Amino acid sequence: MAQQVRGVVARGKGEPVSVETVLVPDPGPGEAVVKVQACGVCHTDLHYREGGINDEFPFLLGHEAAGVVESVGEGVTEVAPGDFVILNWRAVCGQCRACRRGRPWYCFNTHNATQKMTLADGTELSPALGIGAFAEKTLVAAGQCTKVDPAASPAAAGLLGCGVMAGLGAALNTGNVGRGDSVAVIGCGGVGGAALMGAHLAGAARIIAVDVDDRKLETARKLGATHTVNSRATDPVEAIRELTGGNGADVVIEAVGRPETYQQAFYARDLAGTVVLVGVPTPEMRLELPLLDVFGRGGALKSSWYGDCLPSRDFPMLIDLYLQGRLDLDAFVTETIPLDGVEEAFARMHHGDVLRSVVVF
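Sequential numbering of the sequence shown, starting at 1, is according to UniProt numbering.
Here is the structure:
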């Protein structure tokens with residue numbers, strides 16, 4: 001029998017979100033119902049509200065979440081009722097060409113719940129990233145639930161569900177930052193801040209944070225940056241080169257998603273260095289680079305999908321580091337808010353006032 005819960009719904013492009021009654025069906029085969037304990041407010045949710053992802057309104061927003069499995073459907077063995085889990089939007093299939101080649105973090109056929117959650121009048125909801133966790137309970141594919149140590153704070157743990165994992169993984173997985181490397185991160189919001197923390201965790205010797213906002217640069221120092229550059233006042237390419245002996249950084253992580261900042265990243269890396277694009281561009285953006293420069297500088301130009309993470313591998317490991325005091329996930333939780341505070345949180349996020357607002361149930 002379907003349960004009635006409260007959830008944050010975006011009904012139309014650019015319209016303020018509303019808290020509405022959502023019907024959550026019992027889990028079917030391969031599905032799970034999760035009682036959500038906390039969910040971060042991510043830029044992706046705002047993109048959904050603005051119609052920047054697709055136009056499949058109404059959306060049930062929220063995806064950076066942690067909670068407790070309430071019930072599971074037929075055939076589910078990976079999680080059980082009572083498990084504390086982080087929700088993820090990369091439930092790997094195990095069967096696609098990437099999975100069969102032993103690279104499940106590139107899975108090309110990730111899956112979501114088959115059934116739909118609905119409004120009280122029966123209107124089907126599109127859950128953000130297949131999750132829809134700005135709700136007291138949500139229905140997901142069981143593979144979207146990753147069991148972790150329940151000692152972790154739900155508000156901090158849930159952030160691994162998207163932005164923080166994207167940044168950490170951009171450094172640790174995609175960028176393969178190593179001990180003694182020099183790293184520059186362009187754009188120091190939640191994702192870029194996590195990339196700084198990932199570079200620090202990996203043992204980078206010089207970590208350069210670049211942003212136009214001095215508030216973010218101040219926070220960047222706390223997240224692991226050894227140097228900061230305000231690119232509104234200083235040419236970031238020249239500054240990064242100057243801080244790396246005139247060579248450029250071994251790894252440059254672009255966490256903005258704009259052609260201008262990508263070009264900065266490209267020219268701020270050392271010869272044979274690596275550029276990692278983790279910022280998400282919009283469809284109309286175009287990039288132009290001299291092909292001879294692409295050839296002549298060598299190295300690698302990479303895109304980072306979800307930090308190239310494998311939730312079953314990375315989430316438990318990162319939570320263990322968090323509980324050991326070696327990974328300060330709490331630093332990303334700027335504020336906790338109620339379910340009806342999401343619209344105001346979007347405004348604070350847009351103005352750069354927070355790393356993350358987190359809805360706590």
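Backbone N, C-alpha and C define an ideal beta-carbon position, used for all residues, glycine too. Predicted model, so just to flag it, every value in this text is computed and none were measured.
- Under the three-state reduction of DSSP, residue 104 is assigned to helix.
- In the DSSP annotation of this structure, the continuous segment of the beta strand (DSSP E) that includes residue 3 starts and ends at 3–10.
- Scanning its chain for C-beta atoms nearer than 7 Å, with the 5 sequence neighbours on each side dropped, one finds around residue 93 the residues 99, 107, 109, 110 and 111, in chain order.
- In this chain, the beta strand (DSSP E) harbouring residue 227 covers 227–230.
- Counting only residues of its own chain and dropping the five nearest sequence neighbours on each side, residue 320 has a CB closer than 8 Å to the CB of 149.
- If you draw a straight line from the Cα of residue 310 to the Cα of residue 246, it is about 36 Å long.
- By the neighbour-count criterion, in which 16 or more other beta carbons inside 10 Å mark a residue as buried, residue 90 falls on the buried side.
- Among the bridge pairs identified by DSSP, residue 195 is matched with none.
- In this structure residue 206 is buried. Its beta-carbon is surrounded by 16 or more other beta-carbon atoms within 10 angstroms.
- In the three-state DSSP reduction, residue 152 falls in the coil class, being neither helix nor strand.
- Take the alpha-carbon of residue 275 and the one of residue 6: they are about 42 Å apart.
- In this structure, DSSP gives residue 84 an extended state, which the three-state scheme calls strand.
- Residue 24 and residue 188 have their C-alpha atoms some 37 Å from each other.
- Scanning its chain for C-beta atoms nearer than 8 Å, with the 5 sequence neighbours on each side dropped, one finds no residue around residue 234.
- No residue range can be given for residue 131, since it is assigned to no beta strand (DSSP E) and is classified by DSSP as neither H nor E.
- Taking residue 47 as the centre and dropping the five residues before and after it, the same chain places the C-beta of 53 closer than 6 Å to its C-beta, in chain order.
- In this structure, DSSP gives residue 336 an extended state, which the three-state scheme calls strand.
- Note on the region 259–329: whole alpha helix (DSSP H) runs with a minimum of 4 residues are 259–268, 291–297 and 311–323, in chain order.
- Residue 137 and residue 201 have their C-alpha atoms roughly 34 Å apart.
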